[in-house]
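Peer 1: In order, the protein sequence lines correspond to chains U and B. Per our numbering, the first sequence starts with residue 1, numbered consecutively. Per our numbering, the second sequence starts with residue 1, numbered consecutively. Take a look at this one; I'll ask things after.
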Amino acid sequence: MVWTTVGKEFSTFILGGSMTAINSGSWWIAIGTGSKTISSTVSGLVTEADRNQITGSVDTSTAQRLTWTVDYNSIEMSGIQLTEFGLFHVSSGNKSWIQEGFAAVSFDGTEELQTEIVGKVY
Amino acid sequence: MFHFRLDSPSGTQLTKFDNVSIDYSNQNNLGQTTIFLNNVAGQYSGTFAVGNNVLAYLSTGSPPTSNMIFNGFIHQQEFISYPNQREILTLKCLDHNSRLAEVTHNEAYSNLYAGSIIKAMIAKDVSGITVTNVDDGIMIKHIAFRHKPVNECIKELAEISDFDFYIDTAKDLHFKSEKTVSTGSTLIAGTDITDAKIKEDRSMMFNKIYVIGGKRLVGYAQSGLGDGAGSVFTLSYKPHDTFVTVSGAEKVGGIFEMAINPSGIQYLIDYDNKQLIFTQSVNCGSNIPGSLVEWKCEYQRLSPVAKKAEDSASIASYGERRLVVVNEEIVQPMHATKVARSLLNKYKNPGKNINLTVKGYPSFVPNQTVGIVYPFANISGTYKINDIHYNITTDSLQAEEAISIEVGDRSPDVTDALKQAYSDIQLLKASPIGDVDVVTHLLDGAGSITEGIYSWTVKKRSIGNSFIMGHPTNSCVGSFAGSYYVFGSGGYTAWTNQVSGGDWS
């Protein structure tokens, strides 16, 4: 999993105290069913299926760590072959900050999904 | 004028030779000496024996009494008779680094520094070698060696720690951080360098590294609902040791495409296509799950330890070059990560290989660094010594040109081709790797800032019998097909990890 170039660019806004460019700290994790090689220049999911906002706020209770957790219910996940997910600061469109792809995880309508990303600053 | 002196086992100092060749290489961490003696009238017929210790010195003074350049033992002696009664004795000697290659180690370690593991290894399997200069290295969570030569074990620890190792002429093992120990010498063109050959080469460059370790079986459970017609269900992974139930009743399994299946087989497993097939035939009866009847399949899936590391800047500049390392002994993901990262760091740029003939007799040790100033090829920096070659003849001693060294990155040669062939054989002999289900990407892009990913996880949980408004089946209250859902009985299972990654550090 990588911090994309877009992620690094927006991080500089945070360090510079400008939150408006990143929508005041709201976060979404999108899920998808596409597949491609992930690099730092990736711009978003191949085939986005859904995008949910994190509940509450990012967990910063552990020093130098940021934890984003987003859940999807069984109705949203029914029939999906999950292969990719990414972190976004807007509810639709735009480019991912963090993204990963993996072998398909299938959902048959009786299962819920929880995605978790733990970033670190060092 | 420099002199060479060989201390024979009897204590006799031999200062006259036809030719002596001494070679050190950090590729195999070995020092070798070949001595050609003119055995006139058989004068040396009883002087030497295999196993005798041999010491060699090279310095001013006649005979030289300091600067020991070789400490080893006779590995082979060969008497050859040429026409006209010319008798030659050839002695082939190895230094004490060879002792590490001649014994194997069989042990597993957890939560120890690499240096501590090496000290334990030497104490158990190698005698006569001290460990005064063995530094700690990195903390190793778990590593296992299965009757592996000790030098290969130390080499593996050195690679993941970014350390070097060798045994010096005092028979002390050094395990030090790479490129941190200097010879103290700087070789300058026109003063210290008589010959030079400098090559930059992408042959030994790799910017996408795969490390494939050992495989582990991990339990997995899958379930679904029949529709009364379909008999084939696709599983997520190739299944081992399946345990199938339909509505809680255990079913008897068989293998797909077996020529003869005994009667009573209720399901078949097509391993390569990841399919669970319920049977329906005269012999087997009808075993297809009815409409909305739950089937469940518990099985083991092979989970190989596999890590990939790549450098996007190197790929963009030079094109992609892959290196695949297969090592069944790597069973910890963190270990695979460290190996991948270390190899990428070492090989991501084209190698610069420098061969020099040196004026005079500075003291060199493999893996130590030396400064090189050679403006004719735009060389000015510090490089690690890979190979040292002493060519001791009367002429070379008089001209003070007996030493040549190779520094920088190693240039590929027939040894590398043989190593690649060996590696290919290992790949053929390795157990079938199968699909790599979880590959964590380690990208070392250009311009990285100090942000990283600690971990990422995708989890699932079953909704059980929970009532969920709008759900196609879990919003039903009442009976159908003989079953019913209890309003709000819950039954959520715990979250279980499906895939994950990160370096967790």
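Virtual Cβ for every residue (Gly too), placed ideally from N, Cα, C.
Is there a Cβ of chain U sitting closer than 8 Å to that of B/T369, yes or no?
Peer 2: No, no contact with chain U.
Peer 1: I need the DSSP call for B/Q27, collapsed to helix, strand or coil.
Peer 2: Coil at B/Q27, not helix or strand.
Peer 1: Compile a chain-ordered list of the residues in the stretch 453-475 of chain B whose CB is closer than 7 Å to at least one CB of chain U.
Peer 2: Hits within the stretch, in order: I453, Y454, S455, W456, T457, V458, K459, K460, R461, S462, I463, I468, G470, H471 and P472.
Peer 1: For a minimum of 3 consecutive residues, which ranges assigned as the beta strand (DSSP E) are wholly contained in the stretch 56-82 of chain U?
Peer 2: The stretch 56-82 of chain U contains these whole beta strand (DSSP E) runs: 65-72.
Peer 1: Since B/D7 sits in a beta bridge, which residues does DSSP pair it with?
Peer 2: According to DSSP, which records beta bridges pairwise, B/D7 is partnered with B/Q13 and B/L55.
Peer 1: For chain B, find out if any of its Cβ atoms is closer than 8 Å to the Cβ of U/A103; answer yes or no.
Peer 2: At least one chain B Cβ lies under 8 Å of U/A103.
Peer 1: For B/S431, which residues in the same chain have their Cβ closer than 8 Å to its Cβ, ignoring the five residues on either side in sequence?
Peer 2: With a pLDDT of 38 at B/S431, under the threshold of 50, the modelled position of this residue cannot be trusted, and the question is left open.
Peer 1: Strictly below 8 Å CB to CB, what residues from chain B border U/L113?
Peer 2: Ordered by position in chain B, the residues that pass the 8 Å Cβ test against U/L113 are V458, K459 and K460.
Peer 1: Please identify, using Cβ separations under 7 Å, the residues of the stretch 257-279 of chain B that lie next to chain U, in order along the chain.
Peer 2: Against chain U - using a Cβ distance shorter than 7 Å - the stretch 257-279 of chain B contributes no residues.
Peer 1: Leaving out five residues before and five after B/D387 in sequence, what residues of the same chain have Cβ atoms less than 8 Å from its Cβ?
Peer 2: Around B/D387: D23, Y24, S25, N26, Q27, P366, I405 and E406.
Peer 1: At a cut of 8 Å, does the stretch 174-190 of chain B reach the stretch 266-273 of chain B through at least three beta carbon pairs?
Peer 2: The stretch 174-190 of chain B is not in contact with the stretch 266-273 of chain B.
Peer 1: Can you tell me where the alpha helix (DSSP H) holding B/Y267 begins and where it ends?
Peer 2: Element bounds for B/Y267: not the alpha helix (DSSP H) but the beta strand (DSSP E), Y267 to D270.
Peer 1: Tell me which residues of the stretch 299-321 of chain B have at least one Cβ-Cβ distance to chain U shorter than 7 Å, keeping chain order.
Peer 2: Listed in sequence order: S312.
Peer 1: Determine, for B/S236, whether the minimum Cβ-Cβ distance to residues of chain U falls below 8 Å.
Peer 2: It does: the Cβ of B/S236 has a partner Cβ on chain U nearer than 8 Å.
Peer 1: Out of B/V244, B/E401 and B/F165, which one is the CA nearest neighbour of B/I193?
Peer 2: Taking only the C-alpha atoms, the option nearest B/I193 is B/E401.
Peer 1: Does U/I54 come within less than 8 Å of chain B when only Cβ atoms are used?
Peer 2: No, no contact with chain B.
Peer 1: In whole angstroms, give me the CA-to-CA distance for B/I160 and B/V325.
Peer 2: C-alpha separation (whole angstroms): 13 Å.
Peer 1: If you measure from the beta carbon of B/G224 to each beta carbon in chain U, is any gap under 8 Å?
Peer 2: For B/G224, the answer is yes, since a Cβ of chain U falls inside 8 Å of its Cβ.
Peer 1: Using the beta-carbon count (16 or more within 10 Å), is B/R146 buried or exposed?
Peer 2: Exposed, because fewer than 16 other Cβ atoms sit within 10 Å of the Cβ of B/R146.
Peer 1: Counting only runs that start and end within the stretch 332-412 of chain B, where is the alpha helix (DSSP H) found for 4 or more residues in a row?
Peer 2: Those alpha helix (DSSP H) runs which fall completely within the stretch 332-412 of chain B and span 4+ residues are 333-347 and 394-399.
Peer 1: Answer yes if the stretch 58-70 of chain U comes into contact with the stretch 105-120 of chain U, meaning at least three C-beta pairs across the two stretches below 8 Å, and no otherwise.
Peer 2: Yes, they touch.
Peer 1: If you follow the beta strand (DSSP E) that B/K199 is part of, which residue opens it and which one closes it?
Peer 2: Unbroken beta strand (DSSP E) run through B/K199: I193 to D201.
Peer 1: Is B/Q13 close to chain U, meaning its C-beta is less than 8 Å from at least one C-beta of that chain?
Peer 2: Chain U contact via Cβ: absent.
Peer 1: Starting from the Cα of B/K459, find the closest Cα among U/D71, U/G32 and U/T62 and give me that residue.
Peer 2: With distances taken between Cα atoms, B/K459 lies closest to U/D71.
Peer 1: So that I know if they touch, is there some Cβ in chain B lying closer than 8 Å to that of U/A21?
Peer 2: For U/A21, the pLDDT reaches just 47, beneath the cut-off of 50, and the residue's location in the model is therefore unreliable, leaving the point undetermined.
Peer 1: Based on the DSSP secondary-structure assignment, which residues constitute the bridge partners of B/L89?
Peer 2: B/L37 and B/F79, per the DSSP bridge assignment.
Peer 1: Express the C-alpha separation of B/V244 and B/K384 in angstroms, rounding to a whole number.
Peer 2: So the two alpha carbons sit approximately 60 Å from each other.
Peer 1: By Cβ distance, which residues of its chain are closer than 6 Å to B/N38, with the 5 residues on each side in sequence left out?
Peer 2: Taken in chain order, the residues that qualify are D18.
Peer 1: Please check the pair B/R321 and B/K208, which I expect to be a contact at CB under 8 Å, by giving their CB distance rounded to whole angstroms.
Peer 2: So it is a contact: roughly 7 Å between Cβ atoms.
Peer 1: Measure the CB-CB distance between B/S342 and B/D162 and report whether it falls below 8 Å.
Peer 2: Cβ atoms of B/S342 and B/D162: closer than 8 Å.
Peer 1: Which residues does DSSP list as the beta-bridge partners of B/H471?
Peer 2: Per DSSP, none; premise fails for B/H471.
Peer 1: State the start and end residues of the unbroken alpha helix (DSSP H) segment that holds B/N151.
Peer 2: That run of the alpha helix (DSSP H) goes V150 to S161.
Peer 1: With DSSP collapsed to three states, give me the class of B/D311.
Peer 2: Coil, per DSSP.
Peer 1: Look up U/E116 in the DSSP assignment and give the residues it is bridged to.
Peer 2: DSSP, once it has assigned bridges, lists U/T69 and B/T457 as partnering U/E116.
Peer 1: Please confirm if U/D50 has its CB atom under 8 Å from at least one CB of chain B.
Peer 2: Chain B, which has no Cβ nearer than 8 Å to the Cβ of U/D50, makes this no.
Peer 1: When the cut-off is 8 Å and only beta carbons count, does B/W295 lie next to chain C?
Peer 2: Going by chain labels, chain C is absent from the structure shown, which instead holds the protein chains U and B.
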